[in-house]
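Accompanying notes for the structure given below.
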Amino acid sequence: MNCFSLRNTLPDLARGGTAPESIAHLQSCPECIKKLSHIKEIRQLIKRLPHHSVLPELKKIALEDTDGIDDEYLENMKEEQRKTRLFDQSPWYVKSGIEALALAVMTIGIIWGIPKVRQLYDRSIQRRLETLDLTDLSVSNTEDTETIAQTTTQVMSDEIKAVANEVWRFNIKTDLLHELQTRLLNAIKSEHSVDNRETVVGTIAPGGVQIDFTASVEFIQQFKGEINAIANKLEQENTLPVSAAVSAKTIKPRNSGLTWYKSKSKTKLPKDRIRIVIWLSQM
Amino acid sequence: MNQTEKELAKSETSKLADKYSDIVFDLIASITPAAQTRVELFQTWIRKMTKQSARFTKYERAAAIKVSTDLLLAIDRTQINNKKQFDPRSRLNIDIDTNRTRHFEYFFNHLRTFERLLLLLSDKYDFSYNEIGTILGMPEDSVRLNLLMIYESLEYNIWRPGE
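From first to last, the protein sequence lines are chains A and B. Mapping of the first sequence onto the numbering used here: position 168 corresponds to residue 168, and the numbering continues sequentially without gaps. Mapping of the second sequence onto the numbering used here: position 23 corresponds to residue 23, and the numbering continues sequentially without gaps.
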């Protein structure tokens, strides 16, 4: 044995170990004897460190203080011990086996599950498409969705009620733009429920004229009928000048093409008011 | 936990405290200089013992002391100042020829908590390497090797090379 090998056994020798090889080396190596004596001295110094005794009062107080321990915490601790004990006591190959099995099951589950979930999702979409009734779309929604354009016959229907803070848009295609504008403005200005009716004018824009105003909710019920009548009347009148102008030729009179829809106003309107926008487009 | 179980846990803790409170308090006091901290640590030890008393079926002494060493090591991790070891400037201020015990105490108190615990358990209380390993959570060979390194460090600082 050399000094390097002895070095590792010094703590044992200092504690009273009697390995014959180490003893034999120590008899012939003063350096190692010195080192060993130093370690023994350190041990003695540690043993001589002052001893601190706990006061009985402190012990008593500390033991009494345990009354306040949380019952639930203790229950959880016991439960945790019960749960972990079996697994902890199992040998490593059982633990590893269980862990590997769990990992494999999880991986297979993911691989198998993802297409299944996707398939279920596709099926649900398909089922919804099959059961979708397109006629539902024609029901007017008074809250926030736009309705599909209505025909002139539906304008007359009283079932569709106006609600405050809505925008009603009418679109009329006509040849006699200015005549229709004048008639509509006269009709609007004669109504008391229209706000600032004296100042309502048609704004000339490329392709037509736009009339924009606000009125009370009740106004729209009668205005629907009026605008339809004006449009129809204009259609009937329109046939004469056109046929006269073309003289002998028979021309089929054009349809005035009144369409409308309503939507919820993006801007806040005064109480019980609706906005009406009439667009007269030049044919 | 009903009242009976609580009483049982308390009586078990009381028995353990009777057996090991002296050694645990000495261990805490040897590591911690502040009296208030010692008391708080001791109380925490009792509290933790009450909560964990059901586990002490095997290696009772090691388990009881491990609770206290875990507390001490946890405190050590939070105190960065404890990491300051063997400042060469402070070494110069010590008269080498003065009392060897004072000299040793100075360097002992500058060791890390883990190292002091290892020395105390090994040399003051004469615990076996196996038991120390159980308390500090390391194999026997690591205990032996760590002890050797601490001895050599102390030897170097107390007896200068060539002295």
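From the three backbone atoms N, C-alpha and C, an ideal C-beta is built for every residue, glycine too.
Worksheet item: Closer than 7 Å, Cβ to any Cβ of chain A: which residues of the region 21-43 of chain B, in chain order?
Response: 21, 22, 25, 26, 29, 30, 39, 42 and 43
Worksheet item: Would you report the Cα separation of residue 37 of chain A and residue 36 of chain B, rounded to the nearest angstrom?
Response: By one-based count along the first sequence, residue 37 of chain A stands at place 37. By one-based count along the second sequence, residue 36 of chain B stands at place 36. So the alpha carbons of these two residues sit roughly 38 Å apart.
Worksheet item: Does any CB atom of chain B fall closer than 8 Å to the CB of residue 2 of chain A?
Response: As a working note, residue 2 of chain A is residue 2 in the first sequence. So no, residue 2 of chain A is outside the interface.
Discussion item. For residue 177 of chain A, report the span of its alpha helix (DSSP H) as first-last.
Written reply: One-based indexing of the first sequence puts residue 177 of chain A at position 177. Note, residue 177 of chain A: alpha helix (DSSP H), 177-189.
Practice prompt. Less than 8 Å between the CB atoms is what I'm expecting for residue 11 of chain A and residue 147 of chain B, so what's the real figure, rounded?
Written response: On the first sequence, position 11 is the one that residue 11 of chain A refers to. On the second sequence, position 147 is the one that residue 147 of chain B refers to. Indeed, because the Cβ distance is near 5 Å, the residues count as touching under 8 Å.
Item to complete: Taking only the alpha-carbon atoms, compute the straight-line gap between residue 113 of chain B and residue 43 of chain B and give it to the nearest angstrom.
Response: By one-based count along the second sequence, residue 113 of chain B stands at place 113. By one-based count along the second sequence, residue 43 of chain B stands at place 43. Distance between the alpha carbons of residue 113 of chain B and residue 43 of chain B: 20 Å.
Worksheet entry | Within-8 Å CB hit, residue 30 of chain A to chain B | In the first sequence, counting from the first residue as 1, residue 30 of chain A sits at position 30. For residue 30 of chain A, the answer is no, since every Cβ of chain B falls outside 8 Å of its Cβ.
Worksheet item: How big is the Cα-Cα spacing for residue 20 of chain A and residue 159 of chain B?
Response: To locate residue 20 of chain A, count along the first sequence from 1; it is residue 20. To locate residue 159 of chain B, count along the second sequence from 1; it is residue 159. Answer to the nearest angstrom: the Cα atoms are 28 Å apart.
Worksheet item: Taking Cβ positions, are residue 304 of chain A and residue 209 of chain A nearer each other than 8 Å?
Response: As shown, chain A starts at 1 and ends at 283. That puts residue 304 of chain A outside it, with no answer to give.
Worksheet item: Do you know whose CA, among B:150, B:102 and B:8, lies nearest residue 122 of chain B's CA?
Response: Here residue 122 of chain B refers to the residue found at position 122 when the second sequence is read from its first residue. Measuring from the Cα of residue 122 of chain B, the nearest candidate turns out to be B:150.
Worksheet item: Which chain A residues are close to residue 120 of chain B, counting only those with a beta carbon under 9 Å from its beta carbon?
Response: As a first step, residue 120 of chain B must be located in the second sequence, where it is residue number 120. The answer, in chain order, is 46 and 49.
Discussion item. Run through chain B and tell me which residues come within less than 8 Å of residue 39 of chain A, C-beta to C-beta.
Written reply: Looking up residue 39 of chain A in the first sequence gives position 39. The answer, in chain order, is 151 and 155.
Worksheet item: What residue range is occupied by the uninterrupted alpha helix (DSSP H) comprising residue 40 of chain B?
Response: The residue given as residue 40 of chain B occupies position 40 in the second sequence. Taken as a continuous stretch (DSSP letters only), the alpha helix (DSSP H) holding residue 40 of chain B covers 35-52.
Worksheet item: In whole angstroms, what is the alpha-carbon distance linking residue 39 of chain B and residue 75 of chain B?
Response: Residue 39 of chain B sits at position 39 when you count from the first residue of the second sequence. Residue 75 of chain B sits at position 75 when you count from the first residue of the second sequence. One C-alpha to the other measures close to 14 Å.
Fill in: beta strand (DSSP E) segment containing residue 260 of chain A, residue limits
Translated into the one-based positions of the first sequence, residue 260 of chain A becomes position 260. Residues 258-264.
Practice prompt. Spell out whether any CB of chain A is found under 8 Å from the CB atom of residue 7 of chain B.
Written response: Position 7 of the second sequence, counted from the first residue, corresponds to residue 7 of chain B. So no, residue 7 of chain B is outside the interface.
Discussion item. Please tell me whether residue 53 of chain A has its Cβ less than 8 Å away from any Cβ of chain B.
Written reply: Against the first sequence, residue 53 of chain A aligns to sequence position 53. Taking Cβ atoms only, chain B reaches closer than 8 Å to residue 53 of chain A, which makes this a yes.
Worksheet item: Over what stretch of residues does the alpha helix (DSSP H) that includes residue 7 of chain A continue unbroken?
Response: In the first sequence, the residue the question calls residue 7 of chain A occupies position 7. Taken as a continuous stretch (DSSP letters only), the alpha helix (DSSP H) holding residue 7 of chain A covers 3-14.
Worksheet item: Do residue 34 of chain B and residue 135 of chain B have their C-beta atoms closer together than 8 Å?
Response: Taking the first residue of the second sequence as 1, we reach residue 34 of chain B at position 34. Taking the first residue of the second sequence as 1, we reach residue 135 of chain B at position 135. The answer is no: Cβ separation not under 8 Å.
Worksheet item: residue 67 of chain B by DSSP, collapsed to three states: which one?
Response: Taking the first residue of the second sequence as position 1, residue 67 of chain B is located at position 67. Helix.
Worksheet item: In whole angstroms, what separates the C-alpha of residue 16 of chain B from that of residue 58 of chain A?
Response: Within the second sequence, numbered from 1, the residue matching residue 16 of chain B stands at position 16. Within the first sequence, numbered from 1, the residue matching residue 58 of chain A stands at position 58. Spanning the two alpha carbons is a distance of roughly 15 Å.
Item to complete: May I ask you to report which of helix, strand or coil DSSP gives residue 201 of chain A?
Response: Numbered from its first residue, the first sequence carries residue 201 of chain A at position 201. Here residue 201 of chain A sits in coil by DSSP.
Worksheet item: Within the 8 Å Cβ cut-off, does residue 17 of chain B reach chain A?
Response: Position 17 of the second sequence, counting from 1, holds the residue named residue 17 of chain B. So yes, residue 17 of chain B belongs to the interface.
Discussion item. At the 8 Å Cβ level, is residue 144 of chain B part of the contact set with chain A, yes or no?
Written reply: On the second sequence, position 144 is the one that residue 144 of chain B refers to. Yes, because at least one Cβ of chain A sits closer than 8 Å to the Cβ of residue 144 of chain B.
Practice prompt. Examine chain A for any beta-carbon lying closer than 8 Å to the beta-carbon of residue 89 of chain B, and answer yes or no.
Written response: If you number the second sequence from 1, residue 89 of chain B lands on position 89. Here the model assigns residue 89 of chain B a pLDDT of 47, short of 50, so the residue's position is not dependable, and the following value carries that caveat. Residue 89 of chain B does not count as touching chain A.
Practice prompt. For chain A, find out if any of its Cβ atoms is closer than 8 Å to the Cβ of residue 169 of chain B; answer yes or no.
Written response: Only positions 1 to 163 of chain B appear in this structure, which leaves residue 169 of chain B out of reach.
Discussion item. Since residue 46 of chain B and residue 62 of chain A should fall inside the 8 Å C-beta cutoff, what is the C-beta to C-beta distance between them, to a whole number of angstroms?
Written reply: Your numbering for residue 46 of chain B matches position 46 in the second sequence. Your numbering for residue 62 of chain A matches position 62 in the first sequence. Taking the Cβ atoms as the reference, residue 46 of chain B lies roughly 4 Å from residue 62 of chain A, within the contact range of under 8 Å.
Worksheet item: Do you know how far the Cα of residue 14 of chain B is from the Cα of residue 52 of chain B?
Response: Sequence index remark: in the second sequence, residue 52 of chain B carries index 52 (1-based). Sequence index remark: in the second sequence, residue 14 of chain B carries index 14 (1-based). Distance from the CA of residue 52 of chain B to the CA of residue 14 of chain B, rounded to the nearest whole angstrom, comes to 13 Å.
Practice prompt. Rounded to whole angstroms, what's the CA-CA distance from residue 124 of chain B to residue 102 of chain A? Just pull it up for me.
Written response: One-based indexing of the second sequence puts residue 124 of chain B at position 124. One-based indexing of the first sequence puts residue 102 of chain A at position 102. The straight-line gap from Cα to Cα measures roughly 48 Å.
Item to complete: With distances taken Cα to Cα, identify the nearest neighbour of residue 107 of chain B among B:130, B:25, B:131 and B:155.
Response: The residue given as residue 107 of chain B occupies position 107 in the second sequence. The shortest C-alpha separation from residue 107 of chain B is found at B:155.
Worksheet item: Under a three-way DSSP split, which group does residue 15 of chain B fall into?
Response: Taking the second sequence and counting its residues from 1, the one referred to as residue 15 of chain B is at position 15. Three-state DSSP puts residue 15 of chain B in a helix.
Worksheet item: Quick one: does the C-beta of residue 102 of chain B sit closer than 7 Å to a heavy atom of the ligand PLP?
Response: Among the components of this structure there are no ligands whatsoever, and the ligand PLP is therefore not found.
Fill in: Cβ shell of residue 22 of chain A (< 7 Å), same chain only, five flanking positions each side left out
Working through the first sequence from its first residue, we reach residue 22 of chain A at position 22. Counting only Cβ-Cβ distances below 7 Å, and skipping sequence neighbours, we find 1, 6, 9 and 13.
Worksheet item: What do you get for residue 17 of chain A, buried or exposed, if any count of 16 or more other CB atoms within 10 angstroms of its CB means buried?
Response: Within the first sequence, numbered from 1, the residue matching residue 17 of chain A stands at position 17. Residue 17 of chain A is exposed by the Cβ-count criterion.
Worksheet item: Would residue 11 of chain A count as contacting chain B if we go by Cβ distances under 8 Å?
Response: Here residue 11 of chain A is taken as the residue at index 11 of the first sequence, counted from 1. At least one chain B Cβ lies under 8 Å of residue 11 of chain A.
Worksheet item: Start and end of the alpha helix (DSSP H) containing residue 114 of chain B?
Response: By one-based count along the second sequence, residue 114 of chain B stands at place 114. Residues 113-119.
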